[in-house]
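Working notes for the structure below.
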Amino acid sequence: MLNTLLSGDLPRSRALSVLLLLVVLGLALAPFITTGARPLNTAATICIYIVLVASYDLLIGYSGIVSFAHTMFFGIGAYGVGLGFDSPAPSWGPMMLGLAAALALTLVLAFVIGLFALRVRAIFYAMITLAVASSFAVLASQMSGWTGGEDGKTFDVPDLLSPANEFGEFMGRILDGKVLTYYIVFFCAVLIFLALLRIVNSPFGRVLQAIRENEFRAEALGYRTVVYRIAANCIGAVAAALAGALMALWLRYVGPRTTLGFEVMTDILLIVVIGGMGTMYGSVIGAALFILANNYLKSLMAKAAGAVAGVPLLETALHPDRWLLWLGILFILAIYFFPSGIVGKFRQKASLPGT
Amino acid sequence: MTDALLKLSGVHAHIGEYHILQGVDLAVPRGGLAVLLGRNGAGKTTTLRTIMGLWQASAGKVEFNGRDISKLRTPDIAQAGIAYVPESMAVFSDLTVRENLYLAARSGPMDTARLEWIFSFFPALKKFWNYPAGNLSGGQKQMVAIARAIIEPRELLLIDEPTKGLAPAIIQSLAEAIRQLKGQATVLLVEQNFNFVRQLGDTVAVMDDGRIVHSGSMAELAADRALQERLLGLALDSHQ
Amino acid sequence: MHDSMLPSVPRDYVPMLLVPALMLAMLPLVGSMPTWVTLSAAGLAMGMMIFIMSSGLTLVFGLMDVLNFGHGAFVSVGAFAATIVLVPMQGWMEADSLGMNLAALGLAIAMAMAVTAVLGWVFERVIIMPVYGQHLKQILITMGGMIVVEQLIHVVWGADHKPMPLPTALRGAIVLGDAAIEKYRLLAVAVGVLVFVVLTLVLNRTKLGLLIRAGVENGEMVEALGYRIRRVFVAVFAAGSALAGLGGVMWGLYKETLTASMGGEVMVMIFITIIIGGLGSIGGCFIGALLMALTANYAGFLAPKLALVSHIVLMIAILLWRPAGLSRK
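Written as structure tokens, this is what we have:
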């Protein structure tokens, strides 16, 4: 049964399975094993990023497509929900409409970009998506009447999901609209992730990998590679948009920095490479590690910086604001030394004789 | 037997998963013109590219002047005295004929006497001296490619199918050029046009499926129709 | 022989005419001559700076088939490295003497180019060479390189914005009738033209340039002619990084503030420029940069909301006409 659920793509490493189980259980039980708003926020962010990065892995890991437009779709999904709820009395109808519009826009854009640009070399595609995405980001900041501009928009959610809506208590955590929202996010994330897992393990997914390995041969075998790539592009984009929708639902806020900014794209790249490209599980482990570290490791860095206070360059290098420096170095090392990321390393160890 | 300027011993080459050269043994005697014959896909171009270091031999040894050049990189192999005229000619289209030759003359300014000698059998080069090489016809590009290889004296010339797709008149010029080169350089010529090579070649090696299946003198092969049919599938009186 | 007729050497004039054509076409649309002069000067100046920043990248890509997504980092480093000279030489910069200003600026530029050339050399050895030929890894690793370099700028120079005021003699504008042209913009145009001329001369009149042009076409054949093209690659990469550094100094003075991410912010414009121009072509890059900057400035005046997508529209328009860029038919 587990096999069917995971579409035949098992972790293939005991250590990895344990880690994955920990992550999933942790996320599933988050409201009850933690107290306060911050850990719950961390957990929700992890769920959302798992979907976002997994959808990116479909592109980069399984199809060999490097796209910088992913955050654009993330943002479109978020704005769809945000604008849908944006009224004095938020309700589900307009939100669904907003979401549907966002998904439609996502599909159209992904299709058009793919049609226009996926026949060219990877490097051109990367550059073009970068140009398109940054233009979109600027456009979104400009249309402040609609989008709230640089500062974004906060909005209310239906009463059902509001923290004021309390309906019980369990294991020390008051069950309210926020907890409900969390579980909506969690279950949607699980569903989308499993769907992506199914897609990459289907015949369609195998063709994508064949194209990634040797496009020429795939064409020679009769597969119209452009069609497959465009399809992968669209699927990945839609999944990213859904992740964006979840993000907006959770934060009750949309803004260019949290969705369209280059920082998000950087984070996705860091997670997918360090977690492991082409594994799907890499996004689970990677996102969990990254978000946890982002939230909790920084205070460790601050302590370390304090310890070397006075040593000129070292102190600034260990300052928590320089978090990206170390991540960047880790990123580069990962590309050299463990290109299949953490997941790949685990699987490698597992397949060694004698282990 | 005269000493071999170039010697391949048991050379294997893999391109991706394909095992193209499967143990090539070839000796090119000093001062002569050795011809490498074989049908398409036999591995002739791969052999030349491996000698030139453009592919790395996966096994075996390539010796030039007694020196093992198997592990050397292409620029060093070229500097050792080997010139290469590839099948695709590889003239630099954006550069003029003059600039193409200027690049090839790496030891210094071009020798005017030598240039005049080249112009004597390739007059078109003089005519199109300042034109971008990309504007020339196929035959003229071939002239540029060969001129690049001989603008300075080199010990060994590797020439890959120079007559492919050329008009008979140009082929004549090429034959004349190669005939004049024979005195000064050792040549390893890959060809499918038997008529072209039968008067020029001293020794011949036939390649099939990545191996040398026959080697001997050209005169012997030219005289023996039965041998020609056995090795190359047909009597080689026909043009390519 | 049948080829007694010399083939004509077709010269591709159309791209060269695009810039003047655009400028003239905009004159009636803008309406007022002084405004047009100001906009055109702004566009030309910005275009020149973008050309300088992009020139290195297009050569590196054309020659080595390597796209350095971290190129923007060299722009930023160049600008910050200039402060190593400009801060102690503040007196010369503030003096109301063009000679002293230019001398200080010249030294600052020399410093910036030296630092970025060395950084470029290190970058090529450590980051790029190991992933030669693997495009996916190249894109990722150069991005990683950019992140690290940007963060290092913060470590070395501090996290905040750094001011970079214009030298005194270059402040203000020259007035021609009703139109005002900022003095600094004139300098930018002069430097841009100088860089273009020097690059063109090197490419067309020197052996190194010959090697580069031949290498762009067929690196393998250049090696077969006996040249160690790897050395040419490294030299070109370092030179390209130095040019980015020069561009960074010019750009920093233009904006009068430096931030670590300033290079990253112009990357999109640089990419569009080299795509429009055709990879590997200095001439195409020159025209492309000017077209893009002019379009952005005119659009900013005529249709402000459109200005931000004017890059994309221009790129699509040119690619529809010449899919491989301006320099290739």
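Protein chains in written order, with our numbering: chain W, 1361 to 1715; chain V, 59 to 298; chain S, 125 to 453. We put the beta carbon where it would ideally sit given N, CA and C, even for glycine.
{"Item": "Mind checking if N421(S) is an interface residue toward chain V, Cβ cutoff 8 Å exclusive?", "Value": "no"}
{"Item": "Assign Y1583(W) to one of three DSSP states: helix, strand, or coil.", "Value": "coil"}
{"Item": "Within the 8 Å Cβ cut-off, does H435(S) reach chain W?", "Value": "yes"}
{"Item": "Can you tell me whether E145(V) is helix, strand or coil according to DSSP?", "Value": "coil"}
{"Item": "Return the first residue and the last residue of the alpha helix (DSSP H) that F1434(W) is part of.", "Value": "H1430 to F1445"}
{"Item": "Could you give the residue range of the beta strand (DSSP E) that holds D1516(W)?", "Value": "Careful: D1516(W) lies outside any beta strand (DSSP E) and carries neither H nor E."}
{"Item": "Below 7 Å between beta carbons is the criterion; list the residues of the segment 351–364 of chain S that meet it against any residue of chain V, in chain order.", "Value": "Y351 and R352"}
{"Item": "I'd like to know whether the C-beta of G1638(W) is nearer than 8 Å to at least one C-beta of chain S.", "Value": "no"}
{"Item": "Pull up the distance between the alpha-carbon of M213(S) and that of E306(S), whole angstroms please.", "Value": "23 Å"}
{"Item": "Quick one: is S296(V) near chain S, going by C-beta distance under 8 Å?", "Value": "Any answer about S296(V) is weak, because its pLDDT of 46 lies below 50 and its placement is not dependable; what the coordinates show is given next. No - not a single Cβ of chain S is within 8 Å of the one on S296(V)."}
{"Item": "With 8 Å as the threshold, decide whether the Cβ of M253(S) is near any Cβ in chain V.", "Value": "no"}
{"Item": "So that I know if they touch, is there some Cβ in chain S lying closer than 8 Å to that of Q1708(W)?", "Value": "no"}
{"Item": "By how many angstroms is the C-alpha of G339(S) removed from the C-alpha of P1680(W)?", "Value": "45 Å"}
{"Item": "Suppose contacts are defined by Cβ-Cβ distances below 8 Å. Is P1450(W) in contact with V1517(W) by that definition?", "Value": "yes"}
{"Item": "Return the chain-ordered ranges of every alpha helix (DSSP H) run that is complete within the segment 197–249 of chain V and spans a minimum of 4 residues.", "Value": "226–239"}
{"Item": "Does any residue of chain V have a CB that is nearer than 8 Å to the CB of R337(S)?", "Value": "yes"}
{"Item": "Is the Cβ of A136(V) closer than 8 Å to any Cβ of chain S?", "Value": "yes"}
{"Item": "What are the boundary residues of the beta strand (DSSP E) that includes H259(S)?", "Value": "Per DSSP, H259(S) belongs to no beta strand (DSSP E); it is in the alpha helix (DSSP H), H259 to W281."}
{"Item": "Please list the residues of the segment 272–286 of chain S that have a C-beta atom closer than 9 Å to any C-beta atom in chain W, keeping them in chain order.", "Value": "V272, V273, E274, Q275, L276, H278, V279, V280, G282 and A283"}
{"Item": "Closest Cβ-Cβ distance between F1484(W) and chain S: below 8 Å?", "Value": "yes"}
{"Item": "Tell me which same chain residues have a C-beta within less than 6 Å of the C-beta of M125(S), skipping the five on either side of it?", "Value": "Here the model assigns M125(S) a pLDDT of 39, short of 50, so the residue's position is not dependable and the matter cannot be decided."}
{"Item": "Inspect the CB distances between the segment 89–101 of chain V and the segment 257–273 of chain V and report whether three or more fall short of 8 Å.", "Value": "yes"}
{"Item": "For D284(S) and T383(S), what's the separation of their Cα atoms in angstroms?", "Value": "7 Å"}
{"Item": "Consult DSSP for I305(S) and reduce its assignment to one of helix, strand or coil.", "Value": "strand"}
{"Item": "Would a check of beta-carbon distances place F425(S) closer than 8 Å to chain W?", "Value": "no"}
{"Item": "Output needed for L216(V): all residues of its chain with C-beta closer than 6 Å, excluding positions within five of it in sequence on either side, in chain order.", "Value": "L106, Y142 and L246"}
{"Item": "Spatial neighbours of I396(S) within its chain, please: C-beta separation below 7 Å, excluding the five flanking residues on both sides.", "Value": "M416, H435 and M439"}
{"Item": "Considering only DSSP beta bridges, list what F1530(W) is partnered with.", "Value": "R1533(W)"}
{"Item": "If you run the structure through DSSP and keep just helix, strand and coil, what is T261(V)?", "Value": "strand"}
{"Item": "Could you tell me the distance, in whole angstroms, from the CA atom of R249(S) to the CA atom of M150(S)?", "Value": "46 Å"}
{"Item": "Give the residues of chain W in contact with V340(S), contact being defined as C-beta atoms less than 7 Å apart.", "Value": "Result: empty, since nearest Cβ-Cβ is about 16 Å, beyond 7 Å."}
{"Item": "Is A197(S) close to chain V? Criterion is C-beta to C-beta, closer than 8 Å.", "Value": "no"}
{"Item": "Report yes or no: is there a C-beta of chain W within less than 8 Å of the C-beta of K331(S)?", "Value": "no"}
{"Item": "Would you kindly report the start and end of the unbroken beta strand (DSSP E) that includes A138(V)?", "Value": "Run containing A138(V): none; DSSP gives neither H nor E here."}
{"Item": "Can you tell me where the alpha helix (DSSP H) holding Q214(S) begins and where it ends?", "Value": "Q214 to E218"}
{"Item": "Kindly indicate which three-state DSSP category P1672(W) falls into: helix, strand or coil?", "Value": "helix"}
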